[in-house]
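Same order as they appear, the protein sequences are chains A and B.
For the first sequence, the positions run 9 to 234 when our numbering is used.
For the second sequence, the positions run 9 to 234 when our numbering is used.
Data first, discussion second: the structure below is written as structure tokens.
Protein chains: 2
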Amino acid sequence: MKILVVEDEEALRQVIVQSLKKERYVVECASTFREASDKINEYDYDCIVLDIMLPGGSGLTLLGELKALRKKSGVIIVSAKDSIDDKVAGLDLGADDYLTKPFHLTELNARVKSVIRRKQQNGEQHLSLANITIYPDRHAVTINGEALSVNRKEFDILYYFISNPNRLISKATLAESVWGDYIDQADSFDFIYSQVKNLRKKLKSAGAIPEIKAVYGFGYKMTCED
Amino acid sequence: MKILVVEDEEALRQVIVQSLKKERYVVECASTFREASDKINEYDYDCIVLDIMLPGGSGLTLLGELKALRKKSGVIIVSAKDSIDDKVAGLDLGADDYLTKPFHLTELNARVKSVIRRKQQNGEQHLSLANITIYPDRHAVTINGEALSVNRKEFDILYYFISNPNRLISKATLAESVWGDYIDQADSFDFIYSQVKNLRKKLKSAGAIPEIKAVYGFGYKMTCED
DNA sequence: CTTCAACAACCAGAATCTTCATAAATTTCA
DNA sequence: TGAAATTTATGAAGATTCTGGTTGTTGAAG
Numbered sequence: 009m010k011i012l013v014v015e016d017e018e019a020l021r022q023v024i025v026q027s028l029k030k031e032r033y034v035v036e037c038a039s040t041f042r043e044a045s046d047k048i049n050e051y052d053y054d055c056i057v058l059d060i061m062l063p064g065g066s067g068l069t070l071l072g073e074l075k076a077l078r079k080k081s082g083v084i085i086v087s088a089k090d091s092i093d094d095k096v097a098g099l100d101l102g103a104d105d106y107l108t109k110p111f112h113l114t115e116l117n118a119r120v121k122s123v124i125r126r127k128q129q130n131g132e133q134h135l136s137l138a139n140i141t142i143y144p145d146r147h148a149v150t151i152n153g154e155a156l157s158v159n160r161k162e163f164d165i166l167y168y169f170i171s172n173p174n175r176l177i178s179k180a181t182l183a184e185s186v187w188g189d190y191i192d193q194a195d196s197f198d199f200i201y202s203q204v205k206n207l208r209k210k211l212k213s214a215g216a217i218p219e220i221k222a223v224y225g226f227g228y229k230m231t232c233e234d
Numbered sequence: 009m010k011i012l013v014v015e016d017e018e019a020l021r022q023v024i025v026q027s028l029k030k031e032r033y034v035v036e037c038a039s040t041f042r043e044a045s046d047k048i049n050e051y052d053y054d055c056i057v058l059d060i061m062l063p064g065g066s067g068l069t070l071l072g073e074l075k076a077l078r079k080k081s082g083v084i085i086v087s088a089k090d091s092i093d094d095k096v097a098g099l100d101l102g103a104d105d106y107l108t109k110p111f112h113l114t115e116l117n118a119r120v121k122s123v124i125r126r127k128q129q130n131g132e133q134h135l136s137l138a139n140i141t142i143y144p145d146r147h148a149v150t151i152n153g154e155a156l157s158v159n160r161k162e163f164d165i166l167y168y169f170i171s172n173p174n175r176l177i178s179k180a181t182l183a184e185s186v187w188g189d190y191i192d193q194a195d196s197f198d199f200i201y202s203q204v205k206n207l208r209k210k211l212k213s214a215g216a217i218p219e220i221k222a223v224y225g226f227g228y229k230m231t232c233e234d
């Protein structure tokens, strides 16, 4: 599995490369527009981590070039926080994901993994647990193939549960992943209870097999068994 | 699941330890280089949360030590924001993840979880003693293959007993591992008696072969024999 | 402005866990 | 051996957490 990291800032590039190598990828890197362009023309990469601001040209141009070459590499754009325009432009040009600086390495790793997986199975990406299937791209859920309408929070929760089937999940972890740092000033978990309750009701009435079980004093787990 | 927190700043250490205990880990801590080194040499930890700046030496040295001892603990480095060099060095020396201060506790929890999981990715973990089998990740217990529903405390106790079969286990040790430092201000072991009683009843009615025997004046042991 | 969907907050009852009172078992020692 | 002291077991009350119904708030759409 081969990855190209295009980033001009030395220290950050090092760190990214290190981290990806740890994940057992074969990693190459480029620090300028020209270097990146050369490598893209010469090799095939499964995934490209691409900074937008580059000496010698914009990363967006590289995206166009990639398209022209009909390369099927996945692309994750990495850019400064506020350049939302780049995001739209990038996704328009066929990037697969977007990450704003600063970001956590584990986050990047997760995205890379996800992009590669998505590319490999050229069908639509989906996750399943028993008779529940969710389509992250479309924010859609089906039970036995029947569409189930869920809200945003409900979807996020379900997504997290199905990504971690049969695993204990603390309320703090769930809150962090679904609500972000909203949790910091919260002094009760009522908002979790509400959403979990609604989600459970929907799952049950749609005939879902897996259940969201509570673990007293800790959190939840989603499982098919007792 | 055992974790070592190496951090010299008192307040932060406390908070981290608290938070990890909430996630049901058994947590120990060290505040100096020497203390950390001693503990690493003496015990096996599933994960080590390691501050770089320590009184008495650098956390990076500890990483080398760990490697020399061929311990397989996961390591998460925690350090001040701007020392990017430490990050590179740390990952080079075999750390599994890196976190810059300040960070959210939930973030740390997530990393710890991920590191531990990565370390034990080889199939589903399970422990058995006679006809009892427990699945720590799923918080599940079976007797002769039949699911047995247990509550959180009951599970934790059973987990500890089955992890240490035929061994004498003092009530203090059991309390420490299941209830954490809750025990510190307790002046009786009633909470243990209650839970052990309920667990015994469930095990017996499910036909479990091993029994939880009391050892007068000391604690318990779980065994199949008389 | 009104309506509606999404979400959070509130509340009473259920499940779980701890504490308490008291009984049973084990050890000590006269 | 046989009480007294200590430790463990048990059932029930009290405290905490979770559930599921309902209500309140907010922001977007009509």
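Glycine is no exception: its CB is placed at the ideal position from the N, C-alpha and C atoms.
Compare the C-alpha of residue i against each of the options and name the closest.
i: serine 27/B; options: Thr69/B, Arg42/B, His112/B; result: His112/B
i: asparagine 2/A; options: Pro218/A, Glu154/A, Lys205/A, Asp198/A; result: Chain A is shown from 9 up to 234; residue 2/A falls before or after that span and cannot be answered.
i: lysine 161/A; options: Tyr201/A, Lys10/A, Val120/A; result: Tyr201/A
i: lysine 29/B; options: Asp164/B, Ala216/B, Gly227/B, Val158/B; result: Asp164/B
i: lysine 80/B; options: Asp104/B, Met61/B, Pro144/B; result: Asp104/B
i: isoleucine 84/B; options: Lys210/B, Gly64/B, Ser66/B, Ile60/B; result: Ile60/B
i: histidine 134/A; options: Asn159/A, Leu166/A, Asn117/A; result: Leu166/A
i: glutamate 73/B; options: Val86/B, Ser87/B, Leu207/B, Ala44/B; result: Ala44/B
i: isoleucine 48/B; options: Tyr224/B, Leu71/B, Pro110/B, Lys109/B; result: Leu71/B
i: aspartate 145/B; options: Ile24/A, Asn206/A, Glu31/A, Met230/A; result: Met230/A
i: serine 122/B; options: Asn152/A, Lys127/A, Ser122/A, Glu115/A; result: Glu115/A
i: leucine 107/B; options: Val23/A, Val223/A, Ala214/A, Lys209/A; result: Val23/A
i: lysine 75/A; options: Ser196/A, Gly102/A, Gly67/A; result: Gly102/A
i: phenylalanine 197/A; options: Tyr228/A, Asn174/A, Lys210/A; result: Tyr228/A
i: lysine 212/A; options: Leu68/A, Asp46/A, Val158/A; result: Val158/A
i: valine 223/A; options: Asn174/A, Gly67/A, Lys210/A; result: Asn174/A
Could you check what DSSP says for residue i in three-state terms: helix, strand or coil?
i: glutamate 219/B; result: strand
i: glutamate 50/B; result: helix
i: lysine 229/B; result: strand
i: tyrosine 224/B; result: coil
i: threonine 181/B; result: helix
i: valine 123/A; result: helix
i: lysine 80/A; result: coil
i: glycine 65/A; result: strand
i: alanine 103/B; result: coil
i: alanine 19/A; result: helix
i: serine 87/A; result: strand
i: threonine 40/A; result: coil
Once you ignore the five residues that flank residue i on each side, which residues in its own chain have a CB closer than 8 Å to its CB?
i: tyrosine 168/B; result: Ile177, Leu182, Ser185, Val186
i: isoleucine 124/A; result: Met9, Asp54, Cys55, Gly82
i: isoleucine 11/B; result: Leu28, Tyr33, Val34, Val35, Glu36, Tyr53, Asp54, Cys55, Ile56, Val57, Val120
i: phenylalanine 226/A; result: Leu176, Ser178, Lys179
i: valine 25/B; result: Val13, Val35, Cys37
i: glutamate 154/A; result: Ala214
How far does the alpha helix (DSSP H) with residue i in it reach, from first residue to last?
i: tyrosine 143/A; result: Per DSSP, tyrosine 143/A belongs to no alpha helix (DSSP H); it is in the beta strand (DSSP E), 140-143.
i: aspartate 164/A; result: 160-171
i: isoleucine 200/A; result: 198-213
Who are the Cβ neighbours of residue i in its own chain at under 6 Å, not counting the five residues just before and after it?
i: alanine 138/A; result: Ile217, Pro218, Cys232
i: proline 63/B; result: Asp16, Thr40
i: asparagine 117/B; result: Glu31
i: tyrosine 143/B; result: His134
i: lysine 109/B; result: Ala88
i: aspartate 65/B; result: The question names aspartate, but residue 65/B in the sequence shown is glycine. So the list reads Phe41, once near-sequence residues are dropped.
i: glycine 67/B; result: Leu58, Asp59, Ile60
Note down, in chain order, each residue of its chain lying with its Cβ closer than 7 Å to the Cβ of residue i, except the 5 sequence neighbours on either side.
i: glutamine 203/A; result: Lys161, Glu162, Ile165
i: threonine 150/A; result: Thr141, Leu156
i: arginine 21/B; result: Val13, Glu15, Cys37, Ser39
i: lysine 221/B; result: Tyr228, Lys229, Thr231
i: histidine 147/B; result: Phe163
i: asparagine 206/B; result: Glu162
i: asparagine 152/B; result: Asn139, Gly215
Where do the N-terminal and C-terminal ends of the beta strand (DSSP E) with residue i fall, by residue?
i: lysine 10/B; result: 10-14
i: leucine 176/A; result: Per DSSP, leucine 176/A belongs to no beta strand (DSSP E) and is neither H nor E.
i: glutamate 31/A; result: Counting along the chain, glutamate 31/A falls outside any beta strand (DSSP E), and DSSP gives it neither H nor E.
i: serine 136/B; result: 135-137
i: aspartate 59/A; result: 55-59
* **Cβ pair count under 8 Å reaching 3, the stretch 50-69 of chain B against the stretch 182-189 of chain B** => no
* Quick check: the stretch 9-20 of chain B against the stretch 37-45 of chain B, are there 3 or more CB pairs under 8 Å? -> These segments touch.
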